[in-house]
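Trainee:
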Amino acid sequence: LVLWCMHSICLGFYLIPTIEGQNDVFSAIYTHFPQAPKIIVYDLACQSTPYYLVQEA
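When the letters of the sequence shown are read in order and numbered with mature numbering (1 follows the signal peptide of the UniProt record, and there is no 0), they come out as residues -21 to -1, 1 to 36.
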């Protein structure tokens, strides 16, 4: 999983050891940003919001 900004600059990456899951995206964002970005583009984002809210609580 690679994190890119809107200017096509690579901000970091997160190695996914097995199949991709919601925790992988959450972990990548949580470990690379002190505050989550306002916009996140991800193909399963509609299913991820409830998961993220529970994880950070």
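Quick reminder that beta carbons are idealized off the backbone N, C-alpha and C, glycines included. Only a predicted model underlies this, so the values are computations on that prediction, with no experimental measurement involved.
(1) Considering only the alpha carbon of each residue, which of 32, -16, -9 lies closest to residue 11?
(2) Let me confirm a value: residue 18 is counted as buried when at least 16 other C-beta atoms fall within 10 Å, else exposed. Which label applies?
(3) Do residue -7 and residue -21 have their beta-carbon atoms positioned less than 9 Å apart in this structure?
(4) Would residue 21 and residue 33 qualify as a contact pair, given that the criterion is a beta-carbon distance under 9 Å?
(5) Take residue -17 and list the residues in its own chain whose beta-carbon comes closer than 6 Å to its own, dropping the five residues that flank it on each side.
Mentor: This is what the structure gives:
(1) -9
(2) exposed
(3) yes
(4) no
(5) -11
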